[in-house]
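Each residue of the sequence shown is one higher than the one before, counting from 1 in UniProt numbering.
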Amino acid sequence: MSGIGFGERIPNFVRMNAGGQPVMFYDRCCGDPALIVTGTPATLSASAGPLAQLLVEAAAAGLVCFVVVRTGPDGPKTDTPETDSPETGIAALSSLFPDTVCLLADSDGQLSDHLAGRQTDVTLFITGRTLRLLASLPFDGADPAIRRTFAKALAYPHGQPPLLEIPDLLTPAECDMLIGVFDRADPVPSGSHVEKAGKVVLEEDPDAKVRLDVTVPQGPVSEKLMAIMTHRLVPELRYVFSFTPRSSEQFKIVRYDADSGGHFAVHRDNSTPDAVARRFAITLNLNTGAYDGGGLIFPEYGPAPVSPPAGGAVVFSCGLAHRVTPVTRGVRYALISFLHGA
1 MSGIGFGERI PNFVRMNAGG QPVMFYDRCC GDPALIVTGT PATLSASAGP LAQLLVEAAA
61 AGLVCFVVVR TGPDGPKTDT PETDSPETGI AALSSLFPDT VCLLADSDGQ LSDHLAGRQT
121 DVTLFITGRT LRLLASLPFD GADPAIRRTF AKALAYPHGQ PPLLEIPDLL TPAECDMLIG
181 VFDRADPVPS GSHVEKAGKV VLEEDPDAKV RLDVTVPQGP VSEKLMAIMT HRLVPELRYV
241 FSFTPRSSEQ FKIVRYDADS GGHFAVHRDN STPDAVARRF AITLNLNTGA YDGGGLIFPE
301 YGPAPVSPPA GGAVVFSCGL AHRVTPVTRG VRYALISFLH GA
């Protein structure tokens, strides 16, 4: 087995860190390129000095750094495997590398095999912002090609994000009606779904999101929205994405306020177990001109915000990393939902 090749996407993975906590690769790399280092405890320890210096440089340049330690097949063996934890063999390495590095235990060796084949020497894998492989090479601290690849990794892909913008999905009167629904309701602070101890919980975290939500209840308004989406949105999805949704989540009308610092930090919409059925996200602006900020940014593809006019929607894959920039003046209203496939 030769391992992953140039231009191939690094698959998403979850591995335990030195503290025994699961780390999801795609959650750590939301628009930033990655440097992944593979090896065994022995080979990594032998290269620790110059490798640590390289990792410091990579992190300073803007790459997210991982050290994947092969502790399973072809990794270290112990006399008492029944007492081993996933982080066995990597705790001792923690002091050798900077705190900016995410040290992960590959306890079954499958991730290392996928990346490096059966190679146990220290190997580097450098990706671009969309997590496709730009370079894989054996570690040589003096090789200038490594540093040159850092600059290439930080470049944005050419073109715009792979999304669909649909103007005039709602009329001005329909937008005003939905804003009125929000203003007459009792909005609740929006939480973020996080996975803890194998369970998905809803938490309020102002660093992650500051937003007020109103869920549209079953009734005339939701029925009207479903009819609009069926006749105005679904034909566009078929035309552009060859996708026909089988169901959707309840519509939410949301508000980002400048006074409270409304924003939504970078995230993906399908990274928790409760969200794996999501295929496409819909964000529909209900007002424009009454606020500054509040743009939708897809950092894997560029820094420019996407801000459709009132009544216009953006539809994008739930796997794309994105964020909502802080609203710095006024109030932004939007309608959101998620579409499920077959």
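The C-beta atom is built at its ideal place from N, Cα and C for all residues, glycine as well. The model shown is predicted, which means the values in this text are computed figures rather than measured ones.
With a cut-off of 8 Å, do at least 3 Cβ pairs link the segment 264–283 to the segment 126–146?
No contact exists between the segment 264–283 and the segment 126–146.
Does the distance from the CB of residue 43 to the CB of residue 101 come in under 8 Å?
In the sequence shown, residue 43 corresponds to position 43, counting from 1. In the sequence shown, residue 101 corresponds to position 101, counting from 1. Cβ distance not < 8 Å, so residue 43 and residue 101 don't count as in contact.
Considering just the uninterrupted stretch of the beta strand (DSSP E) at residue 257, what are its terminal residues?
To locate residue 257, count along the sequence shown from 1; it is residue 257. Per DSSP, the continuous beta strand (DSSP E) segment holding residue 257 begins and ends at 252–257.
List the endpoints of the continuous alpha helix (DSSP H) containing residue 180.
As a first step, residue 180 is located in the sequence shown; it is residue number 180 there, counting from the start. Looking at the DSSP string, the run of the alpha helix (DSSP H) that includes residue 180 is 172–184.
Where do the N-terminal and C-terminal ends of the beta strand (DSSP E) with residue 338 fall, by residue?
In the sequence shown, counting from the first residue as 1, residue 338 sits at position 338. Per DSSP, residue 338 belongs to the beta strand (DSSP E) from 327–340.
Please report how far the alpha carbon of residue 316 lies from the alpha carbon of residue 222, in whole angstroms.
Residue mapping note: residue 316 aligns to position 316 of the sequence shown, counting from 1. Residue mapping note: residue 222 aligns to position 222 of the sequence shown, counting from 1. Across the structure, residue 316 and residue 222 are spaced so that their CA atoms are roughly 22 Å apart.
Touching by the beta-carbon criterion (3+ pairs, under 8 Å), the segment 143–155 and the segment 293–304:
Counting Cβ pairs under 8 Å, fewer than three are found: no touch.
Bounding residues of the beta strand (DSSP E) (the contiguous stretch that carries residue 106)
As a first step, residue 106 must be located in the sequence shown, where it is residue number 106. From DSSP, the beta strand (DSSP E) with residue 106 extends over 102–106.
Element boundaries [alpha helix (DSSP H), containing residue 147]
Translated into positions along the sequence shown, residue 147 becomes position 147. Start and end: 144–154.
State yes or no: is the beta carbon of residue 296 nearer than 8 Å to at least one beta carbon in chain B?
Chain labels in this structure do not include chain B; a single protein chain is all it has.
Have a look at residue 208 and residue 336 and give me their C-alpha separation to the nearest angstrom.
The residue given as residue 208 occupies position 208 in the sequence shown. The residue given as residue 336 occupies position 336 in the sequence shown. Cα to Cα, the separation comes out at about 18 Å.
Using alpha carbons as the reference points, say which of 170, 18, 116, 179 lies closest to residue 290.
For the purposes of this step, residue 290 is identified with residue 290 of the sequence shown, where counting begins at 1. Comparing Cα positions, the closest option is 179.
Excluding the 5 residues preceding and the 5 following residue 135 in the sequence, name in chain order all residues of the same chain whose CB lies nearer than 6 Å to its CB.
The count along the sequence shown starts at 1 and reaches residue 135 at position 135. Answer for residue 135: 126, 149, listed in chain order.
If contacts are defined as beta-carbon pairs under 8 Å, then residue 104 and residue 12 qualify, I think. What distance do you get, rounded to the angstrom?
In the sequence shown, residue 104 corresponds to position 104, counting from 1. In the sequence shown, residue 12 corresponds to position 12, counting from 1. The pair is not a contact, with the Cβ atoms about 13 Å apart (cut-off 8 Å).
Tell me where the beta strand (DSSP E) around residue 322 begins and ends.
Against the sequence shown, residue 322 aligns to sequence position 322. That run of the beta strand (DSSP E) goes 322–324.
Is the segment 278–287 close to the segment 240–251, with three or more CB pairs under 8 Å?
With the cut-off at 8 Å, the segment 278–287 and the segment 240–251 touch.
I need the boundaries of the beta strand (DSSP E) containing residue 304, first residue and last residue.
Stepping through the sequence shown from its first residue, residue 304 is reached at position 304. In the DSSP assignment, residue 304 falls outside any beta strand (DSSP E), carrying neither H nor E.
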